[in-house]
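Asker: Got a structure for you, questions after.
Numbering (the numbering used here), first residue to last: 1 to 159.
This is the structure we're talking about:
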């Protein structure tokens, strides 16, 4: 992972209210090429005196709609972000974090997790960032990051 050249202000672009268009792979890590698309809403605000932010979003996945929350914290000693996720499907479970930062306007974050009992490496990417839009994507790897399957895109448009 490249060293972050960022700061606690990296996610300032995200503060506010957004419409979100999702493109979601029907089956993950199963050689699937079928996608579903749906819309949702999203709002983010700063916390911890600017050293973090939190968001809440409506994930209107057909047949399985839920609310999700991301918590992002900036560690000035390590010059990196940590991102944590929890959602209303398993409200007592905090998913393992991803860590990383922004280099040349693209945020890349990695972490270890599991999917259907298999260990995976997860990658989250923020790109195409403007004042009015941004893209987020999620990818999983079964081989420690040598090969990635992108399984979810979210395109944000500011309300």
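Cβ atoms here follow ideal geometry from the backbone N, Cα and C, with glycine treated the same way.
On a predicted model such as this, the values are computed, not experimentally measured, just so you know.
In or out: residue 111 buried (at least 16 other Cβ within 10 Å) or exposed?
Answerer: Residue 111 should be labelled buried.
Asker: How far does the beta strand (DSSP E) with residue 71 in it reach, from first residue to last?
Answerer: Start and end: 66 to 75.
Asker: State the CB to CB distance for the pair residue 22 and residue 154, rounded to an integer number of angstroms; the pair is presumed to be in contact (CB under 8 Å).
Answerer: 5 Å
Asker: Roughly how many angstroms lie between the CA atoms of residue 182 and residue 17, to the nearest whole one?
Answerer: Only positions 1 to 159 of the chain appear in this structure, which leaves residue 182 out of reach.
Asker: From residue 132 to residue 152, what does the alpha carbon distance come to, in whole angstroms?
Answerer: 21 Å
Asker: Pull up the distance between the alpha-carbon of residue 63 and that of residue 24, whole angstroms please.
Answerer: In a straight line, the C-alpha of residue 63 is about 13 Å away from that of residue 24.
Asker: Alpha carbon to alpha carbon, how far is residue 80 from residue 27? Give it in angstroms, no decimals.
Answerer: 31 Å
Asker: In terms of residues, what are the limits of the beta strand (DSSP E) holding residue 84?
Answerer: Counting along the chain, the beta strand (DSSP E) containing residue 84 begins and ends at 80 to 87.
Asker: Determine, using beta carbons only, whether residue 96 and residue 83 come nearer to each other than 8 Å.
Answerer: For residue 96 and residue 83, no; Cβs fall outside 8 Å.
Asker: Rounded to whole angstroms, what's the CA-CA distance from residue 39 to residue 68? Just pull it up for me.
Answerer: 14 Å
Asker: Are residue 134 and residue 29 close, meaning C-beta to C-beta below 8 Å?
Answerer: Contact: no.
Asker: Residue 144 and residue 121 look like a contact to me (Cβ under 8 Å); what is the Cβ gap, rounded to whole Å?
Answerer: Rounded, the Cβ-Cβ distance is 6 Å, consistent with contact.
Asker: Give me the DSSP bridge partner(s) of residue 190.
Answerer: There is simply no residue 190 to check, as the chain begins at 1 and stops at 159 in what is shown.
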